[in-house]
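Number of protein chains: 4
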Amino acid sequence: MHEPAGDGPARRLGAAVVGLGGAVATTAVAGVELLRLGSCGPEGLPLAARGDLVPYDALVFGGWDVSADDLAKAAHLHGVLDPAQIEAVAPRMQQLRPWPAVADPAYCRGVTGANVTTAGTPRERAERIRADLRGFRTEQGLDTVVVVNLASTERRPDPAAPALASPEAFEEALDRGDEAVTPAMVYAYAALREGMPYVNFTPSVGADAPALTELAERLGVPVAGKDGKTGQTLLKTVLAPALRSRALRVEGWYSTNLLGNRDGRALEDPDSLASKTATKGAALDALLGYPVEDHLVRIEYYRPRGDRKEAWDNVDLVGFLGHRMQLKIDFLCRDSVLAAPLVLELVRLLAEARRRGERGPQEQFGFFFKAPATRDGRVPEHALHRQERRLLEWLDRTGAPEVVRP
Amino acid sequence: MHEPAGDGPARRLGAAVVGLGGAVATTAVAGVELLRLGSCGPEGLPLAARGDLVPYDALVFGGWDVSADDLAKAAHLHGVLDPAQIEAVAPRMQQLRPWPAVADPAYCRGVTGANVTTAGTPRERAERIRADLRGFRTEQGLDTVVVVNLASTERRPDPAAPALASPEAFEEALDRGDEAVTPAMVYAYAALREGMPYVNFTPSVGADAPALTELAERLGVPVAGKDGKTGQTLLKTVLAPALRSRALRVEGWYSTNLLGNRDGRALEDPDSLASKTATKGAALDALLGYPVEDHLVRIEYYRPRGDRKEAWDNVDLVGFLGHRMQLKIDFLCRDSVLAAPLVLELVRLLAEARRRGERGPQEQFGFFFKAPATRDGRVPEHALHRQERRLLEWLDRTGAPEVVRP
Amino acid sequence: MHEPAGDGPARRLGAAVVGLGGAVATTAVAGVELLRLGSCGPEGLPLAARGDLVPYDALVFGGWDVSADDLAKAAHLHGVLDPAQIEAVAPRMQQLRPWPAVADPAYCRGVTGANVTTAGTPRERAERIRADLRGFRTEQGLDTVVVVNLASTERRPDPAAPALASPEAFEEALDRGDEAVTPAMVYAYAALREGMPYVNFTPSVGADAPALTELAERLGVPVAGKDGKTGQTLLKTVLAPALRSRALRVEGWYSTNLLGNRDGRALEDPDSLASKTATKGAALDALLGYPVEDHLVRIEYYRPRGDRKEAWDNVDLVGFLGHRMQLKIDFLCRDSVLAAPLVLELVRLLAEARRRGERGPQEQFGFFFKAPATRDGRVPEHALHRQERRLLEWLDRTGAPEVVRP
Amino acid sequence: MHEPAGDGPARRLGAAVVGLGGAVATTAVAGVELLRLGSCGPEGLPLAARGDLVPYDALVFGGWDVSADDLAKAAHLHGVLDPAQIEAVAPRMQQLRPWPAVADPAYCRGVTGANVTTAGTPRERAERIRADLRGFRTEQGLDTVVVVNLASTERRPDPAAPALASPEAFEEALDRGDEAVTPAMVYAYAALREGMPYVNFTPSVGADAPALTELAERLGVPVAGKDGKTGQTLLKTVLAPALRSRALRVEGWYSTNLLGNRDGRALEDPDSLASKTATKGAALDALLGYPVEDHLVRIEYYRPRGDRKEAWDNVDLVGFLGHRMQLKIDFLCRDSVLAAPLVLELVRLLAEARRRGERGPQEQFGFFFKAPATRDGRVPEHALHRQERRLLEWLDRTGAPEVVRP
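Protein chains in written order, with my numbering: chain A, 3 to 408; chain B, 3 to 408; chain C, 3 to 408; chain D, 3 to 408.
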């Protein structure tokens with residue numbers, strides 16, 4: 003059932019995306035097509051110069067979405083890309099239609115659609131997803147498939163639920179339909195069972211549930227996550243280490259976000275919002291080495307912006323002899339424009355990790371995440387420059403891939 | 003004439019400051035006294051935890067200024083510290099009166115005063131300064147003296163002037179009064195001749211004139227500089243590497259500074275301003291790896307702020323598929339509050355470098371500077387996190403100090 | 003029981019303040035003393051040049067607070083004024099100690115203290131307040147007393163409660179202790195019964211409960227309110243009319259406030275917060291003439307700031323041919339510094355209104371308020387420039403004062 | 003030679019634009035076409051609801067430009083409008099080609115082109131322009147023609163030049179080619195001689211030269227100007243009156259502008275820049291009633307923005323008891339999007355003024371200008387709300403138009 007770990011970059015690399023019709027996914031898909039046409043440069047792609055990874059134009063997309071719109075139509079609705087950019091790649095985008103999603107409004111109230119499979123037990127849904135994945139691999143003749151979660155944020159399950167404690171408990175929970183098993187976990191489980199690497203770019207709990215982390219280790223499948231680090235948290239993990247370098251004490255940090263896309267709407271649900279702010283808040287204290295009591299993080303659904311996000315930060319600093327200073331940052335960014343190229347890099351990196359025989363949480367990919375997965379409860383590294391160094395060291399490491407133990 | 007390189011931290015460490023009555027110097031002096039009283043914490047002091055450096059309370063201050071005001075009075079006038087803070091250390095601050103400065107309005111038009119020695123040739127002025135330094139060492143019983151330039155920015159001399167090409171040419175220029183020899187260089191020369199380490203915290207040309215760099219190497223004296231990295235450039239050297247990490251292309255960077263202290267007034271002189279903007283502008287292209295054509299740096303003398311500086315930056319970014327974003331940073335900082343603790347660290351580090359027998363430009367102190375000195379024309383490292391790593395590696399390096407070759 | 007409406011400015015004007023120990027009140031009291039000493043100018047006082055109002059140094063302060071600290075001590079704790087400013091007026095500030103407050107934690111959970119009278123029915127508390135007011139007038143030999151509400155924001159009562167429908171119903175509710183009768187209303191009632199003008203500078207419901215508005219009319223007492231317009235709303239009522247003048251359509255307006263003083267703490271109680279955001283949100287749609295669907299107002303209790311408030315606004319605009327623009331405003335203001343002088347002006351204006359025989363809600367004082375009181379359900383004027391014109395026209399209106407009907 | 007003042011709104015109203023190919027003009031022309039198509043709303047048009055003015059779709063455009071590109075092509079190059087918007091009106095825009103401009107690089111170094119007439123004396127150029135205007139009126143069957151200056155800013159002539167002192171001196175100067183006579187004045191002169199109203203939307207000296215103001219009065223032609231009030235100055239004239247209302251003293255005001263369009267390039271010429279900053283700086287002191295010593299206005303040519311201008315302001319305020327506050331405004335605006343609809347309104351208003359027989363500087367149009375023209379050296383009104391009131395009062399004034407005295 004496992005894919006063999008090959009000797010060189012795979013030739014055709016599949017990306018099976020949960021949330022294929024969303025703003026990030028459609029931007030990523032269009033981006034690959036525009037790169038193929040040579041009509042855009044390497045902006046936003048941190049690893050564009052790496053010849054040791056699968057090239058972007060070897061990527062083949064498929065995936066699920068609650069909307070059945072083809073990807074050209076979906077991209078138009080999101081308004082991220084210029085109409086002319088969508089036009090240029092419309093023939094290929096129109097051919098891509100999402101498979102029916104396994105969604106459940108109980109876990110993500112803000113987002114729904116008609117292209118949804120709700121019938122059956124979680125076990126049956128998992129089987130359905132596995133069948134989708136096998137079909138995708140076969141029909142497209144793919145060497146490797148990476149499963150990527152780009153769906154809207156789900157509510158946070160109880161992390162101590164017995165159903166999530168071990169692979170065995172999880173299997174039973176799948177059968178009986180335990181409410182601790184969220185849709186995101188069903189996708190992650192299906193990927194692992196198919197031996198396909200899994201990336202969680204959202205704050206939802208996916209393969210980081212203990213049962214699934216353990217399963218990934220056992221099955222020898224690499225996983226990475228979670229919650230893409232794109233805007234405000236990116237800057238936080240850049241600035242906080244610098245403030246610490248200069249011994250400027252952070253007395254308070256106030257962060258607010260304005261965003262008006264589908265993800266923002268999902269976050270109007272307080273349960274989903276709780277998932278999001280949890281991953282956003284974790285990094286600061288770890289980076290500074292002391293707790294910041296007045297660390298406030300707000301996310302506001304504000305429609306005039308659409309996908310054009312604004313992240314405004316205010317930092318209150320104490321310097322020499324107790325004197326106070328303020329630092330304010332206003333990042334007028336674009337959520338999907340920042341996220342999509344990172345997704346492309348992660349798909350390529352997970353394929354490389356698979357090739358090298360890596361298994362379980364891939365700590366060296368923490369560079370991309372707000373809440374980097376670690377093994378054995380280790381505190382993750384959040385500082386961007388140290389994350390980058392670790393990633394590059396891993397990429398530059400040569401030698402034979404580890405043996406994959408079944 | 004040289005101080006011997008000792009075996010352990012010096013017990014009494016002198017700091018001879020050019021510009022002792024200025025806002026940075028008075029803040030540094032008061033800071034040492036307040037630290038002695040235990041009335042403030044380690045904020046702003048990056049190396050506060052290092053037991054291997056001379057402790058702050060071993061520092062003894064002396065120096066020159068164009069104003070003869072005692073340091074308590076000077077501190078009141080600058081308005082950096084709270085009146086209560088100055089009051090707490092007034093007895094010691096009042097005893098400190100600057101020695102007459104070797105100033106020349108031809109080099110720094112904005113700043114002048116009554117406590118000035120203008121008579122004589124540069125050679126005679128250099129001798130005067132050397133006598134001041136020897137007297138300071140002897141009277142205070144100092145193990146080591148570090149000379150620190152904190153004076154207002156001078157106009158930039160012609161770097162290709164023959165007088166600055168070699169130690170020999172410089173000696174002749176001192177005798178004949180060549181206009182390429184600025185007051186800052188006279189101080190630097192005097193320090194080197196006394197075997198005392200020299201730090202240039204300003205954008206003026208000091209020991210980085212080729213003749214003096216060569217002299218420092220020959221005499222075995224460590225020197226460091228130049229132009230303290232405190233506010234806007236600090237953030238630039240933190241953010242630019244991060245933007246490069248994420249492959250976000252910088253299309254333009256606009257920086258403006260509002261400041262109203264004595265340094266700001268000095269920069270109303272276009273010649274001094276040219277020195278300043280030169281050191282501020284250099285880092286960005288090196289950090290990014292490509293030239294930013296629209297990189298504008300403005301410095302405005304704006305009196306309502308006094309020492310409370312405001313640095314406003316706008317960065318125009320290009321991301322994935324050519325989409326544009328903006329990043330704005332507003333740093334409401336305090337010039338002297340940021341600078342003074344760095345000066346204290348540099349004095350301690352130069353004493354340590356002296357002890358270790360280091361000579362010439364100390365690249366490992368680039369962490370503190372906008373235009374870090376390098377040897378042999380090497381391009382300096384500007385990224386704060388790499389500068390910090392290099393500094394800490396140097397500090398952590400054990401083993402016997404290098405032999406000082408005379 | 004009514005004060006006679008006199009012929010000229012009163013000579014000794016009393017201000018009886020609910021919340022006398024708060025940041026605004028202590029700043030106002032110290033301000034009057036500093037003005038008396040001639041050590042400050044007319045900044046912040048819009049009507050400083052009006053000779054037709056009672057002079058500032060004729061003001062005499064008294065009032066209630068949940069803390070019994072004298073006003074010098076209270077001012078030190080608030081940290082609004084410089085220590086030297088408090089020192090200069092300490093002898094007089096120390097003599098002022100608040101009377102025990104009629105507070106009730108059920109209405110304002112965030113703020114409490116030891117100097118509180120909780121015993122008795124609302125009726126008994128009202129009698130107690132009336133006795134305080136009569137004592138104040140007699141002991142200080144005051145011509146007029148104005149009662150000012152500066153207490154922390156209370157939760158909002160049900161505006162349709164039968165107890166608030168008429169003076170008669172209110173009287174009965176006082177006797178039986180109806181929960182619709184809040185502490186703020188008890189103070190307002192007491193003031194009216196004593197024939198003393200009443201100003202509500204807070205968002206709490208005071209004399210604007212229908213029963214009390216009617217009572218003010220019947221008794222011939224002028225009242226004004228509510229919720230002082232100092233920072234963010236001030237700017238909103240300046241900018242919105244200008245945007246309308248230029249036909250720039252407001253698509254969204256996001257406002258956030260950071261503040262760390264006692265008022266901020268009170269607003270951590272969601273019930274109090276609801277009162278506050280209600281008065282802040284009302285103005286915008288009225289000013290623009292259409293509803294802004296994405297108008298978000300946030301208030302954050304953020305301790306590093308203390309009384310130094312920050313109001314950050316972002317406005318999304320649509321201009322010619324549908325093109326979008328953004329306007330951002332960051333007001334680094336000081337809550338009490340803005341509010342205190344307006345309180346002084348209002349006390350003087352209410353005394354003048356009393357002298358002129360005005361009764362009930364004083365619409366011409368809308369210049370000072372976020373939610374200006376109107377008569378007969380009229381929509382209030384919010385545009386600052388029109389409010390100012392109306393105020394000045396009223397002040398400039400000459401002729402005999404109206405006859406006061408008992 | 004004069005047009006008769008009619009009885010009702012003209013049916014076909016010509017706008018002859020100096021700088022027809024510029025960003026503002028092409029936006030205005032496209033805007034009229036898009037309004038005709040019903041594909042945009044009244045945003046940006048302050049007088050859209052006035053039925054007493056000539057309707058927008060009665061406007062007919064012609065004019066001069068240094069580039070001969072048709073207006074569709076020019077609009078594409080400016081990048082102000084969406085490609086789809088230009089496409090929608092391309093058939094009509096393509097038919098519009100600018101007439102050859104009377105330009106002179108000596109007066110505006112930054113901007114030049116191939117579609118230029120340089121031959122001849124100023125007199126001959128004026129005759130050429132008059133012929134263009136007569137041809138335009140006749141060929142298009144226009145009832146009224148208004149001449150609008152939208153060309154890039156010229157250098158400022160010596161206002162005391164004898165050639166500009168009287169109509170007679172000006173006529174002689176035209177004949178002999180006096181350098182005090184700038185291209186902008188030649189256009190203004192031609193308009194006046196043709197009896198056509200003239201609007202100066204730029205900071206250049208046009209009909210506000212004394213000789214031409216006098217000529218406008220004598221010939222009975224209404225003129226208006228100068229320098230459209232669109233972005234930063236608009237906000238300044240809104241905020242400054244409000245700060246004065248609240249007695250908040252302005253200690254400093256720093257304004258910087260980033261813009262990257264053709265106008266920005268023209269302002270790289272220091273002589274043109276001097277014209278611009280002069281009109282921008284004048285208003286503040288008048289609005290506040292006292293001089294602001296630290297009022298700095300900067301304009302930066304910054305290409306990444308193109309027509310998307312950013313105006314950043316910082317205001318230092320002093321409030322009650324001398325306490326300091328800061329107000330910062332960041333206006334991410336669009337130069338041409340703000341300007342173009344005001345140009346449309348001015349053309350309609352000047353036609354109405356012509357109809358009413360108004361002559362000389364039209365003070366009631368000060369609402370639109372940074373440096374409103376006044377008669378007899380009066381200080382102009384700068385406060386936006388008072389300007390608006392005056393404009394609306396004029397519009398609402400009924401009764402027979404004044405008799406035009408020839």
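Glycine included, every Cβ here is placed at the ideal spot set by N, Cα and C.
Keep in mind it's a predicted model, so treat the numbers as computed, not measured.
Work out the CA separation of residue j and residue i for me, nearest whole Å.
i	j	result
C/L217	C/A167	11 Å
C/D221	C/R356	Looking at the sequence itself, residue 221 of chain C is Leu, so the reference to Asp does not match. Approximately 12 Å, taken between the alpha carbons.
C/Y304	C/N263	9 Å
B/S338	D/A163	50 Å
B/G379	B/V225	16 Å
A/E365	A/R377	8 Å
A/R13	A/A341	24 Å
D/R94	D/A51	26 Å
B/F333	B/N316	12 Å
D/V223	D/P343	23 Å
A/P57	A/R38	10 Å
B/A27	D/G254	28 Å
Determine the DSSP secondary structure at residue i, reduced to helix, strand or coil.
i	result
A/F322	helix
D/Y191	helix
B/V349	helix
C/P382	coil
B/S206	coil
D/G362	strand
B/R2	The structure shown has nothing for residue 2 of chain B, since chain B only spans 3 to 408.
C/S154	coil
B/P224	strand
A/T28	helix
C/L329	strand
Am I right that residue i and residue j are in contact with their C-beta atoms under 8 Å? What's the rounded C-beta distance?
i	j	result
C/L49	C/E347	5 Å
D/L144	D/V34	That pair is no contact at about 15 Å.
Taking Cβ-Cβ distances shorter than 7 Å, what residues in chain G pair up with residue i?
i	result
A/E295	Looking at the structure shown, chain G is missing, and the protein chains on hand are A, B, C and D.
| Length-filtered (3 minimum) beta strand (DSSP E) runs lying within the segment 35–105 of chain C | Correct list: 61–67.
| query | Should the segment 204–211 of chain B be called in touch with the segment 142–154 of chain B, which here means at least 3 C-beta pairs below 8 Å? | reply | yes
| Is the number of C-beta pairs between the segment 126–144 of chain D and the segment 191–199 of chain D that are closer than 8 Å three or more? | Verdict: yes, contact present.
| field | Touch test, the segment 89–103 of chain A against the segment 112–121 of chain A, Cβ-Cβ under 8 Å, three pairs minimum | value | yes
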